[in-house]
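Enquirer:
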Amino acid sequence: MTKLNITVDGEVHDDDVEPRTLLVHYLRDVVGKTGTNVGCDTSNCGACTVHLDGRSVKSCTVLAVQADGATVDTIEGLADPSTNGDPTAGWHPLQKAFHTEHGLQCGYCTPGMIMAAADLLKENPDPSEDEVRHGLEGNLCRCTGYVNIVKAVRTAAAEMRGEEVSA
Amino acid sequence: MIPASFEYVRANSIEEAIGALQEHGDEAKLLAGGHSLLPLMKLRLAAPEVIVDLGRVDALRGVCETDDGRLAIGAMTSHQDVIDDDLVRQHCGVLADVTAHVGDAQVRHRGTIGGALAHGDAASDLPAALLALDGSVIAQGPNGRREIPASELFVDYLTTALNDDEVVVEVRVPKLDGDWGWRYEKFSRVAQAWAIVGALGIVKRSNGSIEDARVGLTNMGTVPVRAAAVEQALNGNGTDAIADAAQQAAEGTDAPGDLNATPEFRQHLARVLTRRALEAAAG
Amino acid sequence: MTAVDTPPSANVGVTKLRKEDAHLVTGRTSWTDNLKLPGMLHVAFVRSPMAHAKVTGVDVSAALEQPGVVAAFSGADLVDNWSGGLPCAWPVTEDMKSPTHLPLATDEVRHVGDAVAVVVARSRYQAADAVEFVEVDYDPLPAVVDMEAALADGSDLADTSLDSNKSFTWQKIDGDIDAAFDGAAHVTTRRFINQRLIPTAIEPRAVVCAPPRETRETTLWSATQVPHILRLMLALTCGVPEHELRVVAPDVGGGFGSKLNVYAEEAVCLVLARKLGQPVKWTESRSEGYQATIHGRDQIQDVSLAFNQDATLRGMKVELLADMGAYLQLVTPGVPLLGAFMFNAIYKMDALSFTCHGIFTNKTPTDAYRGAGRPEATFAIERLIDEAANELGMEPFELRERNWIKHEEFPYTTIAGIEYDSGNYEAATAKAKELFGYDDLRREQQERRDRGDKVQLGIGISTFTEMCGLAPSRVLGSLSYGAGGWEHASVRMLPSGKVEVITGTSPHGQGHVTAWSQIAADALGVPYEDVEVRHGDTAVAHKGMDTYGSRSLVVGGYAVQSACDKVVAKAKRVAAHLLEASEDDIEFEAGTFSVRGSPDASKTIQDTALAIFAAHDYPEDMEPSLDSDATVDPENFSYPHGTHLCATEVDTETGQVTIRSYVAVDDVGKVINPQIVEGQVHGGIAQGVAQALYEEAVYDADGNLSTGSLLDYYVPSAADLPHFQTDRTETPATTNPLGVKGVGEAGTIASTPAVINAVVDALRPMGVNDVRMPASPRNVWEAIQAANGGAA
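Chains as they are written, first to last, in our numbering: chain A, 1 to 167; chain B, 1001 to 1283; chain C, 2001 to 2792.
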């Protein structure tokens, strides 16, 4: 077992793990962050995408021990928790836009898709349709055909730039 | 989905990593970004007994200029950091452009240049680029450092000239100063898949003709290859020679056959993509 | 699109943002794999690495010695736990052959991935490790992988207990087929290969089972589309009394047919939990699922059309070889037979001959995959019509228009004997052509052809219909299907005026909670927010036939409407009683009962709910209840249709196909929620495009799955697909009170031929008249080479 110190969604965790523990299994099975999903075993689908020290990574292809000392942010930490009451009030613009633009159906790819998109928008606050499509090439969705995901990312980008979001 | 158990060694320096490799021999594997090794371990196609993690060796990250006028890129520099690096963009933009074709965004955030090259996969994008650039890697072992030119690095399928107790510490590429153009034509089934064939054309233009042409081919054999015949046919000629020269792109290659392409189709693609890459590079 | 503020009486037909989304976008989900129960053990399966072999020995003793291992069983160890094999609910002929399919193989494995043993450990990592210590001795047998070879005399057998590889031959002949072809002025014949696909719902399958504790009830959670069917079938397979088994489908991450089944892992987990007295969990890895979860399609289609001199259709002949794989799963043999009603599609003809041979091979079983039988049929007819048009020298639309059912001819009984209730192919086509810029693209195509461009433009047409909304129970019975096609709903007015809707459908992304809320809100005249919809748990939704075959709205939504209508009828009696008026004088609008001519005298439906709860004063001849159930059995299938147009750019040097534009005009009748409908169409098109361009499950000659993971099985990402432009025409269904038609599969059914027709159209000047799917660069390039006589 190897000692681990990780900050997950703002909370510090000290755990002993087997070195082979994948970060996604650490998050799901040890920390209880089941918002992050596993959709494949070949680093293709992106369902497990989280932020590791601020950058999007596939947490199925990172050992938990590689994240020792690091900060991990998951879908569960994305919304602002301070606004209780209205459940949507604290949502990140991407969470709002996926909802308003119907960018999800079954929702299984959604956490990874949103986390990948959040990093994309940090790098490129005003992506074209094509840039969104290529920026999300590491995330598979089987339900939406991506049309509304692309729309949602661009809608969220507009809101984050402070622009009027058209219907 | 679940790797087999292993002993985990976290190296805090290059020397510690080499020491661990010496101690465990071929039972040990170096872990850089993990994006070549961990997928194999998860499918249990690889089950090393010892993993030596280079993640804490900060000396292996970053880009600098060398005294002999090249760029030295730390082996643990992530693909994304290569793409974003000012020195790389200024002096060897082709490397940044090819690296942008590696995997997907998440993979580029974790995968490293040294890891990708040490894996030695002829189907991945960087080996052919290093070859076309006449780049090299610096390997460090118990007896110190040595430079391995790309032309000698890739020995066979997933096999490099690195010894079991050596660590890739640096990647060296030339500064392409002058009137250089380039284009990487990556041809794949879907955006995140490996190249069926990739053709990297790099051209130095001078007075309307081609002074220096380089062509690196991805996935045209067990190792990455240069299309030497094409290069020779072009050097000193005008861009109108590209179409004919590119016809020789498959010469000397050993194209594999698989579900995506017969060897014959790969050879055909190599010719077409080489022509397109060179025309774009020279244009 | 954003939600529009509307009065509570106008929810249907308006985009309401989904109620389902909040937990999904924030990660507060309840996927089966999220479940963690006290004392829960982890299950891993030992699977055959061989396509076909005798199992001569299984030794689990070394596995039992591994850390954390609690138990391990071979197939033989568990054989007494099965009351029967895994079920096939669709015995399509009386003489259909079906190998016994035990959840764990005992003496013979029949495909790579067939489970032979199981280990149970304290963690999923320990279970995965222990699998490697189970010793299985295999005596290899020849693998049957090619359907045509499988039918040859003296072929090796995919199952040594059978005497041939043919499961069944099913035939249906309508009209005088010989006369249709004998007198034909022109016959167009082709062989099409509809390749094997892997559904790839993004959530892998998972099962958790908890043994009885305080009651005798065993609870099984599964990533399934069919909790109700699963409960019944597991009860039968495992000998567990049905009333002591509860099945829960919690959040389910897509299905597309792959979770419409009764799987070995579900049966094994049920037995293990009861045997060990502890909860167990199994979660599939993706590459494991590619072997253990059903595949789809896989047909060889020989099809012919016979025409008169004036290009009107006389008849169609269809002969199919359909790959069943190694076993008959829940509806495996029935899937290709749905095509018997669909090959004629939107066209009028005098005769249709349909013959299907179901073939066993040593591959993962096939079963329903999005569209199930109708995509195969639609692909063949829409491809064949294009080829016929080319041979007849006609514009492809002209040939279609000459033969399709005209809007004034509905309802129309087709040659296959089913009645299309409504449709307007002309309207959908006109709209699609305009949005697409059809004439401009044809001009550009000609220019590129004239110039001899390396990148050619192709235009593909698909004027499709399909039959869905499974289904009228009597029709299913006539097709030997093992169950009915009804659906159930319960609607309860609570004392506070809020509403609970309980549905027998089991959504996994379709948005039933939202859509059923819209239906109930309008039917009851209550605010949309005041409706909650419950589903997917046999302890809550005690009756249902679940979700598949684009049935949920047309049958399940209909049931919600019917149950609401019954509640309103009850409430009306209560209102009349409270208002001291005759029921005949009570009007109901927007949730309020009023007395005709006395507008001040009124009661809201919520008032009646409270009154009936108190039960102090209510009509003497009724029970004090504002609940109602409805079980509806549809009178007919649902027939959505539409026109899809695709423009492809085909690089004739490399074979690379790029979709330049895609327009879909679908007619799904009345629409409950336009945004959800549009989303269904988008996703459907994407899966159909994926079949056309990217995906194929390939087996090698030894029966190994060469495309065993997402590394080789190319599911397209956003970067690989274009924008889809969608629109609708609206021809209401006449077979249900909502006027709705199914939409879940329409996009998939329509899009595959649209794309391939476009690819072939681009290459037509080069002499190409077919491209094998997927239209990968290799397949396109090889088609060009073949047309050039093999010259490079």
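Note that CB positions come from ideal geometry on N, CA and C, so glycine has one too.
Just so you know, these numbers come straight off a predicted model, no measurement behind them.
Determine which residues of the region 2264 to 2286 of chain C have a Cβ less than 7 angstroms from any Cβ of chain B, and write them out in chain order.
Expert: Flagged, chain order: Ser2285.
Enquirer: Excluding the five sequence neighbours on either side, which residues of its own chain have a C-beta within less than 8 angstroms of the C-beta of Ala2791 of chain C, listed in chain order?
Expert: Within the third sequence, numbered from 1, the residue matching residue 2791 of chain C stands at position 791. With a pLDDT of only 45 at Ala2791 of chain C, under the threshold of 50, the placement of this residue in the model should not be trusted; the figure read from the coordinates follows. Gln2785, listed in sequence order.
Enquirer: By the three-class DSSP mapping on this structure, what secondary structure does Glu2459 of chain C have?
Expert: Here the question's residue 2459 of chain C lines up with position 459 in the third sequence. Note that residue 2459 of chain C is Ile in the sequence shown here, rather than Glu. Strand.
Enquirer: Which of the three DSSP states, helix, strand or coil, is assigned to Trp2282 of chain C?
Expert: On the third sequence, position 282 is the one that residue 2282 of chain C refers to. Three-state DSSP puts Trp2282 of chain C in a strand.
Enquirer: Whose CA, out of C:Asp2182, C:Asp2139, C:Leu2330 and C:Pro2599, lies closest to the CA of Leu2086 of chain C?
Expert: On the third sequence, position 86 is the one that residue 2086 of chain C refers to. Comparing Cα positions, the closest option is C:Leu2330.
Enquirer: Look up His1268 of chain B in the DSSP assignment and say whether it is helix, strand or coil.
Expert: The sequence position of residue 1268 of chain B within the second sequence is 268, counting from 1. It is helical.
Enquirer: Check whether the region 2764 to 2772 of chain C touches the region 2464 to 2480 of chain C, counting contact only when three or more Cβ pairs, one atom from each stretch, lie closer than 8 angstroms.
Expert: Too few Cβ pairs lie closer than 8 angstroms, so no.
Enquirer: Consider the Cβ of Val2262 of chain C: report whether some Cβ of chain A lies at a distance smaller than 8 angstroms.
Expert: Walking along the third sequence from the start, residue 2262 of chain C turns up at place 262. No, its Cβ sits nowhere closer than 8 angstroms to a Cβ of chain A.
Enquirer: With three or more beta-carbon pairs closer than 8 angstroms as the criterion, would you say the region 2446 to 2455 of chain C touches the region 2529 to 2545 of chain C?
Expert: These segments do not touch.
Enquirer: With DSSP run on the structure shown, which of helix, strand or coil describes Ser2582 of chain C?
Expert: Reading the third sequence from its first residue, position 582 is the one you call residue 2582 of chain C. The answer is coil: DSSP assigns Ser2582 of chain C none of H, G, I, E or B.
Enquirer: Could you tell me the alpha carbon to alpha carbon distance between Leu140 of chain A and Ala2686 of chain C, rounded to whole angstroms?
Expert: Counted from its first residue, the first sequence places residue 140 of chain A at position 140. Counted from its first residue, the third sequence places residue 2686 of chain C at position 686. Their backbone Cα atoms lie some 12 angstroms apart in a straight line.
Enquirer: Note down, in chain order, every chain B residue with its Cβ under 8 angstroms from the Cβ of Gln66 of chain A.
Expert: Taking the first sequence and counting its residues from 1, the one referred to as residue 66 of chain A is at position 66. Near Gln66 of chain A (Cβ distances below 8 angstroms), the residues of chain B are Leu1031, Gly1034, Asp1053 and Gly1055.
Enquirer: Relative to the C-alpha of Thr2465 of chain C, which candidate in C:Ser2258, C:Thr2169, C:Pro2375 and C:Asp2584 has its C-alpha closest?
Expert: Locating residue 2465 of chain C in the third sequence gives position 465, counting from the first residue. Answer by Cα proximity: C:Pro2375.
Enquirer: Give the secondary structure of Thr2538 of chain C by DSSP, where H, G and I count as helix, E and B as strand, and everything else as coil.
Expert: By one-based count along the third sequence, residue 2538 of chain C stands at place 538. Coil, per DSSP.
Enquirer: Could you name the residues of the same chain whose beta carbon sits closer than 6 angstroms to that of His1119 of chain B, not counting the 5 residues immediately before and after it, in chain order?
Expert: Counting from 1 along the second sequence, the entry for residue 1119 of chain B is found at position 119. Ser1036.
Enquirer: Over the uninterrupted beta strand (DSSP E) stretch that includes Asn148 of chain A, give me the two end residues.
Expert: On the first sequence, residue 148 of chain A is found 148 positions in, with the first residue counted as 1. It is not in any beta strand (DSSP E) - Asn148 of chain A instead sits in the alpha helix (DSSP H) that spans Val147 to Met160.
Enquirer: If we define contact as Cβ-Cβ less than 8 angstroms, is Glu2203 of chain C a contact residue for chain A?
Expert: Along the third sequence, one-based indexing puts residue 2203 of chain C at 203. Cβ-Cβ to chain A under 8 angstroms: yes for Glu2203 of chain C.
Enquirer: Quick check: what's the CA-CA separation for Ser1188 of chain B versus Pro111 of chain A?
Expert: Position 188 of the second sequence, counting from 1, holds the residue named residue 1188 of chain B. Position 111 of the first sequence, counting from 1, holds the residue named residue 111 of chain A. Approximately 27 angstroms, taken between the alpha carbons.
Enquirer: Mind checking which residues open and close the beta strand (DSSP E) that includes Arg2047 of chain C?
Expert: For this step, residue 2047 of chain C is matched to residue 47 along the third sequence. First-last of the beta strand (DSSP E) with Arg2047 of chain C: Leu2041 to Arg2047.
Enquirer: Between the C-alpha atoms of His2243 of chain C and Tyr2263 of chain C, what's the straight-line distance to the nearest angstrom?
Expert: Against the third sequence, residue 2243 of chain C aligns to sequence position 243. Against the third sequence, residue 2263 of chain C aligns to sequence position 263. Roughly 20 angstroms between the two C-alpha positions.
Enquirer: Please report the distance separating the alpha-carbon of Gly1252 of chain B from that of Tyr2713 of chain C.
Expert: Looking up residue 1252 of chain B in the second sequence gives position 252. Looking up residue 2713 of chain C in the third sequence gives position 713. Cα to Cα, Gly1252 of chain B sits roughly 31 angstroms from Tyr2713 of chain C.
Enquirer: 8 angstroms is my cut-off, CB to CB: does Cys48 of chain A come that close to chain C?
Expert: Within the first sequence, the letter at position 48 stands for residue 48 of chain A. Closer than 8 angstroms: no.
Enquirer: Chain C partners of Val1272 of chain B, CB-CB under 8 angstroms?
Expert: Here residue 1272 of chain B refers to the residue found at position 272 when the second sequence is read from its first residue. Within chain C, the residues near Val1272 of chain B are Glu2653 and Thr2654.
Enquirer: If you run the structure through DSSP and keep just helix, strand and coil, what is Val2665 of chain C?
Expert: Counted from its first residue, the third sequence places residue 2665 of chain C at position 665. Three-state result, Val2665 of chain C: strand.
Enquirer: What is the C-beta distance between Ala2432 of chain C and Thr2643 of chain C, in whole angstroms, given that I count them as a contact (C-beta under 8 angstroms)?
Expert: Residue numbering aside, residue 2432 of chain C sits at position 432 when the third sequence is read from its first letter. Residue numbering aside, residue 2643 of chain C sits at position 643 when the third sequence is read from its first letter. So it is a contact: roughly 4 angstroms between Cβ atoms.
Enquirer: With burial defined as no fewer than 16 other Cβ atoms inside 10 Å of the residue's Cβ, what is the status of Pro2241 of chain C: buried or exposed?
Expert: Taking the first residue of the third sequence as 1, we reach residue 2241 of chain C at position 241. So Pro2241 of chain C ends up on the exposed side.
Enquirer: Measuring only the C-alpha atoms, how far is Phe2379 of chain C from Ala2051 of chain C?
Expert: Along the third sequence, one-based indexing puts residue 2379 of chain C at 379. Along the third sequence, one-based indexing puts residue 2051 of chain C at 51. If you take the alpha carbons of Phe2379 of chain C and Ala2051 of chain C, they lie about 30 angstroms apart.
Enquirer: Does the Cβ-Cβ distance between Asp2627 of chain C and Val2491 of chain C come in under 8 angstroms?
Expert: Counting from one through the third sequence, the residue named residue 2627 of chain C turns up at place 627. Counting from one through the third sequence, the residue named residue 2491 of chain C turns up at place 491. Taking 8 angstroms as the Cβ cut-off, Asp2627 of chain C and Val2491 of chain C qualify as a contacting pair.
Enquirer: Would you mind listing the alpha helix (DSSP H) stretches within the region 1059 to 1089 of chain B that are 4+ residues and don't spill past its ends, in chain order?
Expert: The region 1059 to 1089 of chain B contains these whole alpha helix (DSSP H) runs: 1079 to 1084.
Enquirer: With a 10 Å radius around its C-beta and 16 neighbouring C-beta atoms as the bar for buried, classify Lys122 of chain A as buried or exposed.
Expert: Within the first sequence, the letter at position 122 stands for residue 122 of chain A. Counting Cβ neighbours within 10 Å, Lys122 of chain A comes out exposed, since fewer than 16 surround it.
Enquirer: Let me know the secondary structure DSSP gives Thr2006 of chain C once reduced to three states.
Expert: In the third sequence, residue 2006 of chain C corresponds to position 6, counting from 1. Residue placement at Thr2006 of chain C is flagged as unreliable, the pLDDT there being 42, under the threshold of 50; a coordinate-derived value is accordingly withheld.
Enquirer: Specify the secondary structure class of Val2740 of chain C as computed by DSSP and reduced to three states.
Expert: Indexing the third sequence from 1 puts residue 2740 of chain C at position 740. Strand, per DSSP.
Enquirer: Evaluate the contact criterion for the region 1108 to 1119 of chain B versus the region 1073 to 1088 of chain B: three or more CB pairs, one atom per stretch, below 8 angstroms.
Expert: The region 1108 to 1119 of chain B vs the region 1073 to 1088 of chain B: in contact.
Enquirer: Quick check: the Cα distance between Arg154 of chain A and Val132 of chain A, rounded to an integer number of angstroms?
Expert: For this step, residue 154 of chain A is matched to residue 154 along the first sequence. For this step, residue 132 of chain A is matched to residue 132 along the first sequence. Answer to the nearest angstrom: the Cα atoms are 8 angstroms apart.
Enquirer: Assuming contact is defined by CB atoms lying nearer than 8 angstroms, are Gly2289 of chain C and Arg2205 of chain C in contact in what I supplied?
Expert: For the purposes of this step, residue 2289 of chain C is taken as residue 289 along the third sequence, with counting starting at 1. For the purposes of this step, residue 2205 of chain C is taken as residue 205 along the third sequence, with counting starting at 1. Cβ atoms of Gly2289 of chain C and Arg2205 of chain C: closer than 8 angstroms.
Enquirer: Is it the case that the Cβ atoms of Gly2509 of chain C and His2228 of chain C are separated by a distance below 8 angstroms?
Expert: In the third sequence, residue 2509 of chain C corresponds to position 509, counting from 1. In the third sequence, residue 2228 of chain C corresponds to position 228, counting from 1. No, the pair does not count as a contact, with Cβ atoms beyond the cut-off.
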